[in-house]
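Asker:
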Amino acid sequence: MPTEKKRQSQLKWDKDNMRSVSCRLRTSEAELFKEYCAANKTTPGAVLKNYVHKLLDEYCENKEK
Numbered sequence: 608m609p610t611e612k613k614r615q616s617q618l619k620w621d622k623d624n625m626r627s628v629s630c631r632l633r634t635s636e637a638e639l640f641k642e643y644c645a646a647n648k649t650t651p652g653a654v655l656k657n658y659v660h661k662l663l664d665e666y667c668e669n670k671e672k
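First residue of the sequence shown: 608, per the working numbering; consecutive thereafter.
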């Protein structure tokens with residue numbers, strides 16, 4: 608378990624270097640998405656993060672051409 612000083616340092620780093628991205632979905636869509644994630648033994652956050660990384664990789668490849 609991290610010490611309080613380490614925890615504070617991690618929180619400061621996150622505040623300076625990380626941002627959240629969110630969207631709103633209809634309740635039925637959100638529940639279906641959660642169901643999909645559970646069926647695939649993952650989390651909504653992991654699915655979205657992986658998809659964003661995939662999109663950014665493709666975007667950067669196309670941008671370099």
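Cβ coordinates follow ideal geometry from the N, Cα and C atoms, glycine included.
No experiment lies behind these values; they were computed from the predicted model shown.
#1: Is the beta carbon of residue 654 sitting closer than 8 Å to the one on residue 667?
#2: Look at residue 661 and residue 651 and say whether their C-beta atoms are less than 8 Å apart.
#3: Can you find a heavy atom of the ligand FAD that lies under 7 Å from the Cβ of residue 609?
#4: Out of 669, 664, 656, 663, point me to the one whose CA is closest to residue 629's CA.
#5: From which residue to which residue does the alpha helix (DSSP H) around residue 627 run?
Answerer: Taking the structure as given:
#1: It is not a contact, given that the beta carbons lie outside the stated cut-off.
#2: Cβ atoms of residue 661 and residue 651: not closer than 8 Å.
#3: Because no ligand of any kind appears in the structure shown, any question about the ligand FAD cannot be addressed here.
#4: Residue nearest to residue 629 within the set 669, 664, 656, 663 is 656 (criterion: CA-CA distance).
#5: Residue 627 -> no alpha helix (DSSP H), and no H or E assigned at all.
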